[in-house]
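Structure first, then comments.
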Amino acid sequence: MFYLDYKKNMLLTYQNCKEKYGSQYEITKAIKAEEIFKLEKGIYSTQPHEPEIAIIAVKYPDAIFTLNSAFYYHNLTDTIPDYYYLATEKNAYQITDKRVVQKYENSKALDLGVITMEQDGAQIKIYNKERMLLELIRNKNNFSFDYYKEILNNYRKIIHELNIQDIQDYADYLPKNKMIMETLRLEVF
2 MFYLDYKKNM LLTYQNCKEK YGSQYEITKA IKAEEIFKLE KGIYSTQPHE PEIAIIAVKY
62 PDAIFTLNSA FYYHNLTDTI PDYYYLATEK NAYQITDKRV VQKYENSKAL DLGVITMEQD
122 GAQIKIYNKE RMLLELIRNK NNFSFDYYKE ILNNYRKIIH ELNIQDIQDY ADYLPKNKMI
182 METLRLEVF
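Each residue of the sequence shown is one higher than the last, beginning at 2 in our numbering.
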């Protein structure tokens, strides 16, 4: 049963509610009795309000927070992202949620550097700082110069905290690995 325990509140999917209540009719009765609350299509909670990031994490359990979202959650920038940036397998269904920017990833590299982090009380899947350094370089042309430099400068401040071997290992699985390693050598190390 997939659910998110958020400070003893509980986020449930439609499937969780169906298992618990047995039918759509019983789910509707539970909503009317305020036993559960429908937050959006397919997402329910034991509380009337939940953080949006918790809803996103439950709604897209196979997705991984990346790019602007991950840079912000790792405190590498103070720029709050306008969207939730999520990485999915290259063959995944398209996410049509207007709050989400979906990045398709090579399936061999999708799970490299995935960790679990608490954000606003929710447990989310996110890439670690080592993987995000590689994502910064891979996506350099998609960022403004100032944004790129801000994050790169913050990486330089914490370079001694990073696992360099992990960075090199991850780079071997990613496209553009020669360019990535050369950029790391010139701009970071």
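Using N, Cα and C, we set each Cβ at its ideal position, and we do this for glycine too. Nothing here was measured: the structure is a model prediction, and the numbers come from that model.
| request: Only counting runs of 4 or more residues, tell me where the alpha helix (DSSP H) segments fall wholly within the region 161-185, in order along the chain. | output: The region 161-185 contains these whole alpha helix (DSSP H) runs: 165-174, 178-184.
Can you tell me the Cα-Cα spacing of Y174 and A110, whole angstroms?
Translated into the one-based positions of the sequence shown, residue 174 becomes position 173. Translated into the one-based positions of the sequence shown, residue 110 becomes position 109. Distance between the alpha carbons of Y174 and A110 is about 6 angstroms.
#### Entry: Pick from E106, E53, S46, N76 that is closest to A64, judged by C-alpha positions
Position 63 of the sequence shown, counting from 1, holds the residue named residue 64. If we check each option's Cα against that of A64, E106 comes out closest.
Which of helix, strand or coil DSSP assigns to A34: Along the sequence shown, one-based indexing puts residue 34 at 33. Reduced to three states, the DSSP call for A34 is coil.
N- and C-terminal bounds of the beta strand (DSSP E) containing A93: Position 92 of the sequence shown, counted from the start, is the residue given in the question as residue 93. It is not in any beta strand (DSSP E) - A93 carries neither H nor E in the DSSP assignment.
| task | Label I159 either buried or exposed according to how many other C-beta atoms from any shown protein chain fall within 10 Å of its C-beta, with 16 as the threshold for buried. | result | Mapped onto the sequence shown, residue 159 falls at position 158. When all chains shown are included, I159 counts as exposed.
Host beta strand (DSSP E) of S46 (start-end):
On the sequence shown, position 45 is the one that residue 46 refers to. It spans 44-46 - the beta strand (DSSP E) in which S46 sits, taken as one unbroken run.
| What is the rounded straight-line gap between the Cα of M182 and the Cα of F66? | Position 181 of the sequence shown, counting from 1, holds the residue named residue 182. Position 65 of the sequence shown, counting from 1, holds the residue named residue 66. M182 and F66: Cα-Cα distance of roughly 23 angstroms.
Taking buried to mean at least 16 other C-beta atoms within 10 Å of its own C-beta, is E51 buried or exposed?
Numbered from 1 along the sequence shown, position 50 holds the residue referred to as residue 51. It is buried - the Cβ of E51 has at least 16 other Cβ atoms within 10 Å.
Exercise. Just the Cα atoms here: how many angstroms apart are V115 and K177?
Worked result: For the purposes of this step, residue 115 is taken as the residue at position 114 of the sequence shown. For the purposes of this step, residue 177 is taken as the residue at position 176 of the sequence shown. Cα atoms of V115 and K177: separation of roughly 20 angstroms, rounded to the nearest angstrom.
Practice item. Closer than 7 angstroms by C-beta to D6: which residues in its own chain qualify, once you throw out the five before and the five after it? Chain order, please. Key: Residue 6 sits at position 5 when you count from the first residue of the sequence shown. The predicted model places D6 with a pLDDT of 47, which falls under 50 and marks its position as unreliable; any figure quoted below should be read in that light. Excluding positions up to five away in sequence, the list is empty.
With the cut-off set at 8 angstroms, would you say I152 and L135 are in Cβ contact? Within the sequence shown, the letter at position 151 stands for residue 152. Within the sequence shown, the letter at position 134 stands for residue 135. Not closer than 8 angstroms, so no.
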